[in-house]
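Q: One structure, as structure tokens, below. Some questions next.
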Amino acid sequence: MSVHNLGFPRIGKQRELKKHVEAFWRGDIKEQALLAEGKNLREQAWQQQAEAGVELMPVGDFAWYDHVLNMSNWLGVIPQRFRHLPKGLTQYFAMARGYQQQGETLAACKMTKWFDTNYHYIVPELEKDQGFQLQVDDLLAQIKEAQQLGHQVKPVIVGPVSYLWLSEVTGHGDKLRLLPALLEAYGQLLQHFAELGINWVQLDEPALTLDLPVDWRQAYEQTYHHLQTASVKILLATYFEGLGDNLTCAVNLPVAGLHIDVVRAPEQLISVVDRLPRYKVLSVGIINGRSVWRADLRQLLQKLKPVYQAFGDNLWLLDSEVFLD
556 MSVHNLGFPR IGKQRELKKH VEAFWRGDIK EQALLAEGKN LREQAWQQQA
606 EAGVELMPVG DFAWYDHVLN MSNWLGVIPQ RFRHLPKGLT QYFAMARGYQ
656 QQGETLAACK MTKWFDTNYH YIVPELEKDQ GFQLQVDDLL AQIKEAQQLG
706 HQVKPVIVGP VSYLWLSEVT GHGDKLRLLP ALLEAYGQLL QHFAELGINW
756 VQLDEPALTL DLPVDWRQAY EQTYHHLQTA SVKILLATYF EGLGDNLTCA
806 VNLPVAGLHI DVVRAPEQLI SVVDRLPRYK VLSVGIINGR SVWRADLRQL
856 LQKLKPVYQA FGDNLWLLDS EVFLD
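Numbering (the numbering used here) for the sequence shown: 556 to 880.
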């Protein structure tokens, strides 16, 4: 069985990221010093995971503020009021915290809870005719950093349907009308990954565990039929709850692998094992991502034996949900 990771806490053992970001906000350190600290924290996280046996290293889970804001930045979803600001951390933090300088005051983007966790994310602000233009140099640079250290990289990004679901459209327009343009951008991003020699990409789709309207369920089918032509393998990751009524949709999507959370929804394991084709990877979130207690590995092994008999090397193990701190 292979071991991988949905994502890794980015704050550092001594909350170094928080301290350095706040120092940057106060003007106590320059941008280059903050960037260097981020690089150092990423390298430490990768090394810790490698020593623990993680075989596919998540890259893209690091964020200065939150991972949904990262995705907005990579897609070029910058609200009009911030577009005149210098690109990079100035613009990024202005979206998260607002901007006040030289008599100019700009309101921050809306913040709301990340599903049922105590974490928050910056809500993407979309326009009715929103275009998407990739600006992913920093993400590709992080992938190269990890590769140069000898890690086999698995980029981790928010999936397109969940990204739309979590967004707001100016004037309350129909978000799904933006899906074709968004898929073009995601297709280009997956091509960038392929050019760097990436084999697997993790697309996080926690919205697939919600009670979805029919048109949103159809959006998943449209999305992954469009992206199946990419030259990378897609692991579609769900967490925070079971697939419920979306199970049939999920197991039939043309992706190479499916991740499910069997800590929050243990009852779904049997159903997914019965219905997921054996040529696909089944990634099982078996370790409680919120618990401070050690898992009973012997008990988990007994639970997983019949799953391994069914999927063999196509069974992957990891934590149940993605970390955000």
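For glycine and all other residues, C-beta sits at the position ideal for the given N, C-alpha and C.
Rounded to the nearest angstrom, how far is the Cβ of L808 from that of E776, given a contact under 8 Å?
A: Correct: roughly 7 Å between the Cβ atoms.
Q: Ignoring anything shorter than 4 residues, give me the alpha helix (DSSP H) runs that lie fully in the region 814-858, in order along the chain.
A: Complete alpha helix (DSSP H) runs here, min 4: 823-830.
Q: Comparing alpha-carbon positions, which option in L596, R819, G658 and S627 lies nearest V614?
A: Considering only alpha carbons, the answer is L596.
Q: Quick one: using the 10 Å Cβ neighbour count with 16 as the cut-off for buried, is Q685 buried or exposed?
A: With 16 or more other Cβ atoms within 10 Å, it is buried.
Q: Can you tell me which of V828, Y741 and Q604 puts its alpha carbon nearest to the alpha carbon of F687?
A: Here the closest residue by C-alpha is Y741.
Q: The alpha helix (DSSP H) that contains M626, what's its start and end?
A: Its alpha helix (DSSP H) spans residues H622 to L630.
Q: With respect to the alpha helix (DSSP H) encompassing V713, which residues constitute its N-terminal and C-terminal limits?
A: First-last for V713: V708 to V713, but that is the beta strand (DSSP E), not the alpha helix (DSSP H).
Q: Distance, Cα to Cα, D816 vs L872?
A: Approximately 11 Å, taken between the alpha carbons.
Q: Using the DSSP secondary-structure output, state which residues sit across from L872 in a beta bridge.
A: According to DSSP, L872 bridges with V558 and V839.
Q: Taking the alpha-carbon positions, what's the R830 to V806 distance?
A: If you take the alpha carbons of R830 and V806, they lie about 7 Å apart.
Q: Report buried or exposed for N673, applying the criterion of at least 16 other Cβ atoms within 10 angstroms of its Cβ.
A: When all chains shown are included, N673 counts as exposed.
Q: What's the C-alpha gap between L734 and D800?
A: Roughly 22 Å separates the two Cα atoms.
Q: Using 8 Å for Cβ pairs, my map puts F748 next to P710. What's the rounded Cβ distance?
A: Rounded, the Cβ-Cβ distance is 6 Å, consistent with contact.
Q: Less than 9 Å separating the beta-carbons of N754 and Q783?
A: No.
Q: Less than 9 Å between the beta carbons of H559 and V623, yes or no?
A: No; because the gap between Cβ atoms is not below 9 Å, this pair is not in contact.
Q: Output the boundary residues of the beta strand (DSSP E) element that contains H639.
A: Note, H639: premise wrong, no beta strand (DSSP E); not H, not E.
Q: With DSSP run on the structure shown, which of helix, strand or coil describes P613?
A: Reduced to three states, the DSSP call for P613 is strand.
Q: So the candidates are H781, G840, G812 and W629; which of them puts its Cα closest to the Cα of L689?
A: Ranking the options by Cα distance to L689, first place goes to W629.
Q: Please name the residue in G582, V827, L737 and E571 whose C-alpha comes closest to that of Q599.
A: Of the candidates G582, V827, L737 and E571, the one whose C-alpha sits nearest the C-alpha of Q599 is E571.
Q: Within 10 Å of its beta-carbon, does T778 have 16 or more other beta-carbons around it, so buried, or fewer, so exposed?
A: Flag for T778 reads buried.
Q: Give me the DSSP bridge partner(s) of L681.
A: Paired residue(s): V724.
Q: Would the region 579-592 count as touching the region 663-683 if we require 3 or more Cβ pairs under 8 Å?
A: Contact between the region 579-592 and the region 663-683 is absent, because fewer than three Cβ pairs lie under 8 Å.
Q: Excluding the five sequence neighbours on either side, which residues of its own chain have a C-beta within less than 8 Å of the C-beta of Q854, listed in chain order?
A: Answer for Q854: no residue qualifies.
Q: Determine whether the beta carbon atoms of D616 and F670 lie at a separation below 9 Å.
A: Not a contact, by the Cβ cut-off of 9 Å.
Q: In whole angstroms, what separates the C-alpha of R772 from that of G658?
A: Those two C-alpha atoms are separated by around 46 Å.
Q: Answer yes or no: do L744 and I712 have a C-beta to C-beta separation smaller than 9 Å?
A: Against a cut-off of 9 Å, the Cβ pair of I712 and L744 comes out as a contact.
Q: According to DSSP, which residues form a beta bridge with V691?
A: None, per the DSSP bridge assignment.
Q: Hey, V827 and L798: beta-carbon distance below 9 Å or not?
A: The answer is yes: Cβ separation under 9 Å.
Q: Whose C-beta lies closer than 7 Å to the C-beta of H780 among residues of the same chain, with five residues either side of it excluded?
A: So the qualifying residues of the chain are P809.
Q: Kindly indicate which three-state DSSP category Y674 falls into: helix, strand or coil?
A: The answer is coil: DSSP assigns Y674 none of H, G, I, E or B.
Q: Rounded to the nearest angstrom, what separates Q604 and D729 at their Cα positions?
A: In a straight line, the C-alpha of Q604 is about 41 Å away from that of D729.
Q: Out of W601, P634, Q602 and H575, which has the shortest C-alpha to C-alpha gap to A591?
A: Answer by Cα proximity: H575.
Q: Grab me the residues of Q702's own chain with a C-beta within less than 8 Å of its C-beta, minus the 5 sequence neighbours each way, in chain order.
A: Answer for Q702: V708, L751 and G752, listed in chain order.
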